[in-house]
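Everything on this sheet refers to the single structure shown next.
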Amino acid sequence: MSVLKGVASWGTAAPDRRRRAIPFVIAVVFALLYPFIDQAIGLRYIDPMVSILILVLLALGLNIVVGIAGLLDLGYAAFFAIGAYTAAFLTSPASPLPYRTNFWIAMAISFFVAMIFGVILGIPVLRLRGDYLAIVTLGFGEIVPRIFLNLDSITGGSKGINPIGKPSIFGYTLDASNPVGWYYLVICVGILSIFLINRMLDSRLGRSWMALREDEIAAASNGINIMGTKMLAFAMGASFSGFAGSIFAARFQFIDPFRFDFTISVMVLAMVILGGLGNTYGVIIGGIIMASYDRFLAERLTGWLHAIGNSTGIEVLTRIDLLNSRLFIFGAALILTMLLRPEGLFPSRRRAAELHAGEEEPEVFDGGTVLEQERQTLYDVEVAQEPTGEHGT
Numbered sequence: 001m002s003v004l005k006g007v008a009s010w011g012t013a014a015p016d017r018r019r020r021a022i023p024f025v026i027a028v029v030f031a032l033l034y035p036f037i038d039q040a041i042g043l044r045y046i047d048p049m050v051s052i053l054i055l056v057l058l059a060l061g062l063n064i065v066v067g068i069a070g071l072l073d074l075g076y077a078a079f080f081a082i083g084a085y086t087a088a089f090l091t092s093p094a095s096p097l098p099y100r101t102n103f104w105i106a107m108a109i110s111f112f113v114a115m116i117f118g119v120i121l122g123i124p125v126l127r128l129r130g131d132y133l134a135i136v137t138l139g140f141g142e143i144v145p146r147i148f149l150n151l152d153s154i155t156g157g158s159k160g161i162n163p164i165g166k167p168s169i170f171g172y173t174l175d176a177s178n179p180v181g182w183y184y185l186v187i188c189v190g191i192l193s194i195f196l197i198n199r200m201l202d203s204r205l206g207r208s209w210m211a212l213r214e215d216e217i218a219a220a221s222n223g224i225n226i227m228g229t230k231m232l233a234f235a236m237g238a239s240f241s242g243f244a245g246s247i248f249a250a251r252f253q254f255i256d257p258f259r260f261d262f263t264i265s266v267m268v269l270a271m272v273i274l275g276g277l278g279n280t281y282g283v284i285i286g287g288i289i290m291a292s293y294d295r296f297l298a299e300r301l302t303g304w305l306h307a308i309g310n311s312t313g314i315e316v317l318t319r320i321d322l323l324n325s326r327l328f329i330f331g332a333a334l335i336l337t338m339l340l341r342p343e344g345l346f347p348s349r350r351r352a353a354e355l356h357a358g359e360e361e362p363e364v365f366d367g368g369t370v371l372e373q374e375r376q377t378l379y380d381v382e383v384a385q386e387p388t389g390e391h392g393t
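For the sequence shown, my numbering begins at 1 and goes up steadily by one.
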């Protein structure tokens, strides 16, 4: 009987599951076919798409800390640098380490090394919240690149590290002349990251992060270990930057401390906020939008504006340079998002309900509110069906 009940319950839930999985399947199929579409149309965006997807990997990790756990991190580029330098130390002939390894082992080690440094950052900020937490993470983000810059005997300082080991698959080594191979590598790592993140969100740890974000005092009152939960949020959020850092180092074959400045942290944070706090797929969309603007759209739009200005005689349009003013546009996008849609373009249902809790008719309800509405509807139906006299007495 229990087996029959399980089959019946799965059959009733399967249509809803399939409906929710359709957008994800379509996105995966499009991502896998994009290189062929790009070649057929002649866009030639495969090379910048690799850089864009690396930044999206960073946004996925930061979303754990900021969007899910509600902890503001302004120094996320530090973990990006740690992952990149770890891969470089383990694979580069210029590394001071006495041994070498291949790219795949280095990428796995970068994942765990970034996680360890996430724990190291989490230890001094366990009791901090709000502005104090932001200041400490900002300081950490500034310290790490300076350490790599000053330890020139180990890291090469401003000269950086070059070359760096490349990934090999069945004897075939990816190089700079094969952006399609790098594209599929980032796609595979991204799918793995999404799977791991979604599994964590469905676990007890993910629910603890969301409880911490909603109300830290209430979470502690319900038996959640606040210190351990915060530390795990920083550790798991940082670990995915290890993936991104190792791929970044191998793809561009050169890293130096100046590639991991504060602007990387700001850009990744803007991706999370614009895409939708707490929503993995919203963050992916927001990351693609902002990184695409940074990598190639700004240059294209500037050329179009100059062409329009030259053809129409409007001199103002010929002076606009969107590429040099990208940080201004990122800041303006953050301000407008916070004013007009603070939950982001594609927020999670729970996060949207939190930010619209004071409204009389919130657009998105969490599970508890929907259940209350269903109960009230059933009660209204029962009252309507009762005889007037009996109900009146």
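No residue lacks a Cβ here, since even glycine has one placed at the ideal position from N, Cα and C. Remember, it's a predicted structure, so these values are computed and weren't measured experimentally.
For residue i and residue j, I'd like the C-alpha separation in whole angstroms.
{"i": "Asp47", "j": "Asn222", "result": "49 angstroms"}
{"i": "Ser92", "j": "Ile147", "result": "19 angstroms"}
{"i": "Phe79", "j": "Ser239", "result": "8 angstroms"}
{"i": "Ser246", "j": "Ala27", "result": "25 angstroms"}
{"i": "Ala94", "j": "Met107", "result": "18 angstroms"}
{"i": "Gly190", "j": "Leu340", "result": "30 angstroms"}
{"i": "Arg127", "j": "Ile284", "result": "31 angstroms"}
{"i": "Leu336", "j": "Gly118", "result": "31 angstroms"}
{"i": "Leu317", "j": "Ala332", "result": "20 angstroms"}
{"i": "Ser394", "j": "Ala114", "result": "Because the chain in this structure spans residues 1 to 393, residue 394 falls outside the shown range and cannot be described."}
{"i": "Leu43", "j": "Val29", "result": "19 angstroms"}
{"i": "Ile64", "j": "Met210", "result": "10 angstroms"}
{"i": "Gly228", "j": "Ile135", "result": "21 angstroms"}
{"i": "Leu201", "j": "Ile82", "result": "25 angstroms"}
{"i": "Met338", "j": "Ala40", "result": "39 angstroms"}
{"i": "Leu274", "j": "Pro23", "result": "20 angstroms"}
{"i": "Leu71", "j": "Arg213", "result": "7 angstroms"}
{"i": "Leu138", "j": "Gly344", "result": "23 angstroms"}
{"i": "Leu311", "j": "Ile264", "result": "Residue 311 is actually Ser in this sequence, not Leu. Those two C-alpha atoms are separated by around 37 angstroms."}
{"i": "Ile315", "j": "Ile308", "result": "A quick correction: the sequence has Glu, not Ile, at residue 315. Going from the Cα of Glu315 to the Cα of Ile308 covers about 10 angstroms."}
{"i": "Ala77", "j": "Gly141", "result": "6 angstroms"}
{"i": "Phe112", "j": "Leu323", "result": "36 angstroms"}
{"i": "Leu33", "j": "Gly282", "result": "21 angstroms"}
{"i": "Val180", "j": "Ile37", "result": "12 angstroms"}
{"i": "Gly206", "j": "Phe170", "result": "37 angstroms"}
{"i": "Pro96", "j": "Asn178", "result": "29 angstroms"}
{"i": "Gly130", "j": "Leu334", "result": "18 angstroms"}
Determine the DSSP secondary structure at residue i, reduced to helix, strand or coil.
{"i": "Tyr172", "result": "strand"}
{"i": "Gly286", "result": "helix"}
{"i": "Ile161", "result": "strand"}
{"i": "Ser208", "result": "helix"}
{"i": "Ile52", "result": "helix"}
{"i": "Ile68", "result": "helix"}
{"i": "Ile224", "result": "coil"}
{"i": "Ile255", "result": "strand"}
{"i": "Leu32", "result": "helix"}
{"i": "Phe24", "result": "helix"}
{"i": "Ser292", "result": "helix"}
{"i": "Asn63", "result": "helix"}
Do residue j and residue i have their beta-carbon atoms positioned less than 8 angstroms apart in this structure?
{"i": "Pro145", "j": "Asp73", "result": "no"}
{"i": "Pro347", "j": "Leu277", "result": "yes"}
{"i": "Ile241", "j": "Gly61", "result": "One detail in the question is off: residue 241 reads as Ser in this sequence, not Ile. Their beta carbons are under 8 angstroms apart, which means Ser241 touches Gly61 by this criterion."}
{"i": "Ile161", "j": "Ala88", "result": "yes"}
{"i": "Ser193", "j": "Phe243", "result": "yes"}
{"i": "Val182", "j": "Val268", "result": "Residue identity check: residue 182 is Trp in the sequence provided, not Val. No; because the gap between Cβ atoms is not below 8 angstroms, this pair is not in contact."}
{"i": "Ala270", "j": "Phe330", "result": "yes"}
{"i": "Gly286", "j": "Val272", "result": "yes"}
{"i": "Gly75", "j": "Phe234", "result": "no"}
{"i": "Leu220", "j": "Ile226", "result": "A small fix is needed here, since residue 220 is Ala in this sequence, not Leu. Yes, the pair counts as a contact, with Cβ atoms nearer than the cut-off."}
Which residue marks the beginning of the alpha helix (DSSP H) containing residue i, and which one marks its end?
{"i": "Val144", "result": "131–150"}
{"i": "Glu216", "result": "216–221"}
{"i": "Asn310", "result": "298–312"}
{"i": "Asn198", "result": "179–201"}
{"i": "Ile264", "result": "262–275"}
{"i": "Ser110", "result": "103–122"}
{"i": "Val125", "result": "Unbroken run through Val125: none, as it is neither H nor E."}
{"i": "Ile329", "result": "326–340"}
{"i": "Tyr85", "result": "77–91"}
{"i": "Leu317", "result": "315–319"}
Within its chain, find whatever has a CB closer than 7 angstroms to the CB of residue i; leave out the 5 residues flanking it on each side and keep chain order.
{"i": "Ala250", "result": "Ala87, Phe103, Ile164, Gly165, Lys166, Pro167"}
{"i": "Thr101", "result": "Leu90, Thr91"}
{"i": "Leu52", "result": "In the sequence as presented, Leu is not what sits at residue 52; that position holds Ile. Result list for Ile52: Ile288, Ala291, Ser292, Arg295, in chain order."}
{"i": "Thr280", "result": "Leu60, Asn63, Ile194, Ile197, Asn198"}
{"i": "Leu305", "result": "Leu317, Ile320"}
{"i": "Leu133", "result": "Leu71, Leu72, Val125"}
{"i": "Gly367", "result": "Residue placement at Gly367 is flagged as unreliable, the pLDDT there being 40, under the threshold of 50; a coordinate-derived value is accordingly withheld."}
{"i": "Asp175", "result": "Lys166"}
Excluding the five sequence neighbours on either side, which residues of its own chain have a C-beta within less than 6 angstroms of the C-beta of residue i, listed in chain order?
{"i": "Phe394", "result": "The question about residue 394 has no answer, for the chain in this structure spans 1 to 393."}
{"i": "Met236", "result": "Ile64"}
{"i": "Phe254", "result": "Gly160, Asn162"}
So that I know if they touch, is there some Cβ in chain D lying closer than 8 angstroms to that of residue i?
{"i": "Phe243", "result": "In the displayed structure, chain D is absent; only one protein chain is listed."}
Give me, in chain order, the residues of the same chain whose beta-carbon lies closer than 8 angstroms to that of residue i; leave out the 5 immediate sequence neighbours on both sides.
{"i": "Val186", "result": "Val50, Leu53, Ile54, Leu57, Ile247"}
{"i": "Lys159", "result": "Asp152, Asp256"}
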